[in-house]
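Here's the structure, in structure tokens; my notes come after.
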Amino acid sequence: MSLFGSTINDLENALGYSSAKNKAISNNIANIDTPNYKAKDVAFNDVLKQTLSTLEAKRTNEKHLTFNNIDSSFRTINKNNTVYNHNGNNVDVDKEMADLAKNQIYYQSLVDRINGKFGSLQKVIRGGN
Numbered sequence: 000m001s002l003f004g005s006t007i008n009d010l011e012n013a014l015g016y017s018s019a020k021n022k023a024i025s026n027n028i029a030n031i032d033t034p035n036y037k038a039k040d041v042a043f044n045d046v047l048k049q050t051l052s053t054l055e056a057k058r059t060n061e062k063h064l065t066f067n068n069i070d071s072s073f074r075t076i077n078k079n080n081t082v083y084n085h086n087g088n089n090v091d092v093d094k095e096m097a098d099l100a101k102n103q104i105y106y107q108s109l110v111d112r113i114n115g116k117f118g119s120l121q122k123v124i125r126g127g128n
């Protein structure tokens with residue numbers, strides 16, 4: 000039995016994902032004029048795996064996919080299937096800036112949630128005061 004349950008661990012993993020995503024976006028923006036640079040993105044499967052682990056799905060046919068063999072980590076991937084600029088670069092600054100804003104909101108919501116969890120723990124430790 001964990002003292003904090005799995006919520007804080009899940010939030011920690013999500014913060015790690017958000018930090019990796021921010022780094023990938025920053026690198027993409029920094030390399031916007033680099034010839035043949037391919038934009039990077041971060042693929043995150045923990046949320047999918049966690050969600051699927053709570054499902055009670057039954058396979059009615061052996062050809063159906065299983066729910067328990069999903070990679071549970073995030074990794075940086077290259078987007079090699081597009082070219083936006085004449086120099087072979089595929090960074091779309093408008094998309095990157097939108098992704099950056101979205102990721103900042105996501106990160107801040109995670110920080111707020113983890114602060115709330117620690118605040119609740121602190122209240123319990125102090126006896127409700």
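Using numbering that gives the first Met the number 0, the first residue of the sequence shown is number 0, and each one after it goes up by one. Built from N, CA and C at the ideal position, the CB exists for glycine as well.
#1: Just how far apart, CA to CA, sit D91 and G118?
#2: Just how far apart, CA to CA, sit K22 and Q103?
#3: Let me check understanding here. Comparing Cα to Cα, which of S17, A100 and T6 lies closest to R74?
#4: Count the other C-beta atoms from every protein chain shown that fall within 10 angstroms of the C-beta of D32, then say buried if there are 16 or more, exposed otherwise.
#5: Where Y105 and K57 are concerned, what is the direct C-alpha to C-alpha distance, given to the nearest angstrom?
#6: Is DSSP giving V41 helix, strand or coil here?
#7: Compare the C-beta of K62 against all C-beta atoms of chain C and say whether one is closer than 7 angstroms.
#8: How many angstroms separate the CA atom of N77 from the CA atom of A38?
Once the coordinates are examined:
#1: 40 angstroms
#2: 12 angstroms
#3: S17
#4: exposed
#5: 33 angstroms
#6: Reduced to three states, the DSSP call for V41 is strand.
#7: The chain inventory of the structure shown lacks chain C, comprising one protein chain alone.
#8: Roughly 6 angstroms separates the two Cα atoms.
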